[in-house]
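Quick notes on the structure that follows.
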Amino acid sequence: MRYSKWLAFFSAGLLFASFFQPWIVIESRSLTITGFDTTGTRWSPPAHLHIIFTILYLAFTLIPRIWAKRVNVFIAAINMAWAIGNFIRMALCDGGECPVRQSGMYLALLATIFMLLASFFPQVKMNGVSNSNP
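Heads up, the sequence shown is in the working numbering, so the first residue is 2 and it goes up one at a time.
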């Protein structure tokens, strides 16, 4: 894919932007949870692990080696799994209270899907290998 690096950086920026958006709203306690602010809940901020995975993802995106691209697929898959886990876990009903998902949670999930798609189609130049068929 010709624009996979641009898609990787765009999706990482989209993920970072989602951390500041509201993820869920718990109306009974008047709480708005974001990627960084989970005050009033027993959760740790989910954005911290996303930041670690995204920095590794961007570093391996810039390394022009095939092993880095393979590791990048793994990191993007772990990042997406963490986003899916947050998507399910944070919006579970607890004691009759059902949180309402907000735009930031959907944006984080969409960004990790784009990151995984960009990692599937890296731009790699292979030395000594031609793409022509005999």
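Each residue gets a CB set at the ideal place from its N, CA and C atoms; glycine is no exception. No experiment lies behind these values; they were computed from the predicted model shown.
Outcome for residue i when other beta-carbon atoms lying within 10 angstroms are tallied against a minimum of 16
i: Lys70; result: buried
i: Thr40; result: exposed
i: Trp44; result: exposed
i: Ile34; result: buried
i: Phe54; result: buried
i: Ser12; result: buried
i: Ile64; result: exposed
Where residue i falls: helix, strand or coil (DSSP)
i: Arg139; result: No information on residue 139 is available, as it lies outside the stretch 2 to 135 that the chain covers here.
i: Trp7; result: helix
Residues that DSSP places opposite residue i in a beta bridge
i: Leu32; result: Ile27
i: Asp95; result: Glu98
For the 8 Å Cβ check, are there 3 or more pairs between the segment 94-113 and the segment 15-29? yes
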